[in-house]
Amino acid sequence: MSDGVAPDVPLSRNRNYHILWTGQLFSEFAAELTLIAFPLLILSMAGSPLQMGVASSVLAVATTAAVAPAGVLADRWDRKKIMLVCQALRVLAISSLAVALHLDHYTFGHLLAVAVVEGVLGSVFQPAEHAALPSVVPESQLSNAVARNAARPFLAMLLGPVAAGYLFALNPISPFLANVVILTISLVTLLFLRLPRRGAVAEPEAEPGPGFSGQFAEGVRWMLGNRVIRTTMAWAVVANMVFSALLIIIMTMSNEDRVGPGEIGLMMACFGLGGILGAVAAGWLHDALKPSVVVLGFSWILTAAVAVMAVVPTGVPLGVVLGVAAFFAPVANTVVMTYQITTTPDELRGRLSGLAALASGAAAAFGPMIGAFLMAGLGDGRKAVLVCAAGLFVVAVVSTASPVLRRFPAAKKAEVEPVSA
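At position 76 of the sequence shown the residue is numbered 132 (my numbering), and the sequence of numbers has no breaks.
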């Protein structure tokens, strides 16, 4: 079993798991609302595209910069308290912006400050939630829990932008008020979460251990010392980077083909729906297929799907192919994350989650730039898509040749001994 959790409670009736799942869902939904509401607010206040770009960059930089330190905090302090403090401070930050709008005291500087708070606290929340999962779910049910967790970002992506646009059309203050309500619900829900005591947690009054940088380095050494984890981390970064570039190319192609905003929305909805359906099937496929089949199969399926995108018309037909690619992403994610969680000691899980988020954030940051350079250099979206397919083909070939990925091991129980300084 995992961390002393009794295995006799089905996941569907696991109270603590549902609290954790719901708290993170609301957190991600609030983040999606903010991501859309910020640029809409800037434009409505006669702000420039430059201001919109600055705000988006500030939010992205704050989010990415905080994830690795957040992993150290998740291993060092009480994880429930971290999540509660994060949600409480996010409520205060968004509330301050809503009050400023109500009093007609909006300033761009205030919005940037809120963006920094939102980005940092959202990142601090995530590793604490990820690291807490094995404390509430038995190891036998962990893959199903990870699969269900994979549906959350797709649900947030599917509902968040639509809700933000609709609420903003009603009143510019509405999405921020909704954000406050959503984060408050998350906060109240997490109050009822029960996590078992962790013997390795370093409380403030305990004897000092290695410093912050030393603890971060300890997490990096653990990741680099595990062949499977470091290989899958590199595999995921490259695949995510290419796919992030692809999304920019597809959006540009759709605009050049004069695809309407409504159809572009449907196209991206297909992407979200494919991810949700994949998350539903991920638990079953994780149990039915060998881990190596899932990881290598995803590489080749994604390559084939992207190659097809080079010839499929933009709009809904292209969205269907995107949905097929998105379907298999949660399956691969479930295999990789289940292995990472079960092989990583509890006192290092926060740091591993932070490092994974840092790698994902870096891929998401560089991918769109690569897509933009490809479009500018080639001047043809179809050719740029083929370049992405070629990149994924190389990833698939290298993955198939990798002894680590060909013999990807089944998840095994984590070592429980404390890691030495």
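Glycine included, C-beta positions come from ideal geometry on N, C-alpha and C.
Output the distance between the C-alpha atoms of residue i and residue j, rounded to the nearest integer angstrom.
| i | j | result |
| --- | --- | --- |
| Ser-151 | Gly-433 | 44 Å |
| Asp-313 | Gly-371 | 9 Å |
| Thr-240 | Val-364 | 44 Å |
| Phe-449 | Ala-361 | 11 Å |
| Val-454 | Gly-379 | 25 Å |
| Ser-416 | Ser-300 | 10 Å |
| Val-315 | Ala-382 | 21 Å |
| Gln-197 | Trp-356 | 28 Å |
| Val-276 | Leu-408 | 8 Å |
| Ala-325 | Val-376 | 9 Å |
| Glu-319 | Lys-137 | 43 Å |
| Leu-67 | Asn-200 | 8 Å |
| Ala-440 | Ala-421 | 18 Å |
| Asn-72 | Arg-253 | 14 Å |
| Val-65 | Pro-194 | 9 Å |
| Val-368 | Phe-232 | 38 Å |
| His-74 | Ala-187 | 15 Å |
| Ala-87 | Pro-95 | 13 Å |
| Ala-338 | Ala-203 | 5 Å |
| Leu-140 | Val-336 | 29 Å |
| Phe-354 | Gly-178 | 29 Å |
| Pro-465 | Pro-424 | 33 Å |
| Phe-272 | Arg-438 | 42 Å |
Return the first residue and the last residue of the alpha helix (DSSP H) that residue i is part of.
| i | result |
| --- | --- |
| Met-425 | 405 to 434 |
| Gln-396 | 372 to 399 |
| Met-213 | 207 to 226 |
| Met-309 | 283 to 312 |
| Trp-77 | 71 to 100 |
| Lys-346 | Where Lys-346 is concerned, there is no enclosing alpha helix (DSSP H), given that its DSSP letter is neither H nor E. |
| Gln-197 | Where Gln-197 is concerned, there is no enclosing alpha helix (DSSP H), given that its DSSP letter is neither H nor E. |
| Arg-462 | 459 to 462 |
| Ile-241 | 230 to 247 |
| Val-147 | 135 to 158 |
| His-186 | 164 to 192 |
Could you round the C-beta distance between residue i and residue j to whole angstroms and report it? I think they count as a contact, below 8 Å.
| i | j | result |
| --- | --- | --- |
| Ser-348 | Leu-461 | 6 Å |
| Gly-406 | Val-123 | Not a contact, Cβ separation roughly 10 Å. |
| Ile-129 | Val-192 | The sequence given here places Leu at residue 129; Ile does not occur at that position. At roughly 19 Å, the Cβ-Cβ gap does not stay under 8 Å, so Leu-129 and Val-192 are not in contact. |
Are there three or more Cβ pairs, one per stretch, closer than 8 Å when the segment 157 to 166 is compared with the segment 202 to 215? Contact between the segment 157 to 166 and the segment 202 to 215 is absent, with fewer than three C-beta pairs closer than 8 Å.
Is it the case that the segment 295 to 310 contacts the segment 337 to 346, given that we only count it when at least three CB pairs across the two stretches are under 8 Å? Not touching, per the Cβ criterion.
Counting Cβ pairs, one atom from each stretch, are 3 or more of them under 8 Å apart for the segment 63 to 81 and the segment 187 to 207? Under the three-pair Cβ rule at 8 Å, the segment 63 to 81 counts as touching the segment 187 to 207.
Determine contact between the segment 394 to 401 and the segment 277 to 287, defined as no fewer than three beta-carbon pairs at a distance below 8 Å. Contact between the segment 394 to 401 and the segment 277 to 287 is present, because at least three Cβ pairs lie under 8 Å.
Just checking, does the segment 106 to 114 make contact with the segment 384 to 393 on the three C-beta pairs under 8 Å criterion? Counting C-beta pairs closer than 8 Å gives fewer than three between the segment 106 to 114 and the segment 384 to 393, which falls short of the contact rule.
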